[in-house]
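In UniProt numbering, the protein residues as written are 1 to 217.
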């Protein structure tokens, strides 16, 4: 089997071109680098989320059971590496507070509980082999180190790693983070971003803010 139609490890695919699941919303230019995986993004990287092509014809839990299904929201310019697992699907019908965690089929309808939407905000980078647990929000510009297990929200422009993932450092000073969250370069038009690429690929946040004030604001 070809590596999910990826020709080599350096090839990426824009999520907006490959996602069909109605419970996944994707911003512009966010990509998945899936060469090392044998499954596609919607049922390999994203797991237990009804609505991909393989589950759509089986049943509809919203209509059949009245479940409120969790969603996945991905912002603009998000980078997702091979081996990343994004877990969804609520509690998967397993109740740790019940006597048994076994999901007896006759009671599956009543056993489901949502976990809340999982949100990966713009310009985040999810490293190879990381796992994102249900209901987590990953802030703008955050970096998730390879192999991390993310159990709770990650603030903007923060690097986390480990199992469970813990903060390693802030990418920038608090003042610089505030400027980045104000100017939100990833929401600009493609033309505006193209013009500012030399600044974006530098460390000069104040220069980018000047550009924002002069040309964007």
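We put the beta carbon where it would ideally sit given N, CA and C, even for glycine. Bear in mind that the values here come from a model prediction, so they are computed numbers and not experimental data.
By the CB criterion at 8 angstroms, residue 149 and residue 131 fall inside the cutoff.
In this chain, the beta strand (DSSP E) harbouring residue 74 covers 72-74. The C-alpha of residue 89 is placed about 7 angstroms away from the C-alpha of residue 50.
Under DSSP, residue 79 shares a beta bridge with 31, 125. For residue 36, the secondary structure class from DSSP, reduced to helix, strand or coil, is coil. Going by beta carbons, residue 168 and residue 192 fall outside the 8 angstroms limit. For residue 13 against residue 32, the beta-carbon gap comes to about 6 angstroms, under 8 angstroms, which counts as contact.
116 is the residue among 116, 100, 103, 97 whose C-alpha sits nearest the C-alpha of residue 23. Just measuring C-alpha positions, the residue of 176, 197, 72 sitting nearest residue 48 is 72. In the three-state scheme derived from DSSP, where H, G and I count as helix and E and B as strand, residue 161 is classed as strand. Residue 23 sits in coil when the DSSP states are folded into three classes, being neither helix nor strand.
Note on residue 61: 16 or more other CB atoms within 10 angstroms of its CB, so buried under the neighbour-count rule. Within the DSSP bridge table, the entry for residue 120 names 74, 138 as partners. About 21 angstroms separates the beta carbons of residue 135 and residue 145, which is beyond the 8 angstroms limit, so they are not a contact pair.
If you look at residue 167, you'll find it in the beta strand (DSSP E) that goes 166-170. Burial check for residue 157: the Cβ neighbour count within 10 Å reaches 16 or more, so the residue is buried.
Looking at 46, 8, 7, the one whose alpha-carbon comes closest to that of residue 20 is 46.
As the crow flies, the alpha-carbon of residue 70 is around 22 angstroms from that of residue 129.
For residue 43 and residue 84, the gap between their C-alpha atoms comes out near 12 angstroms.
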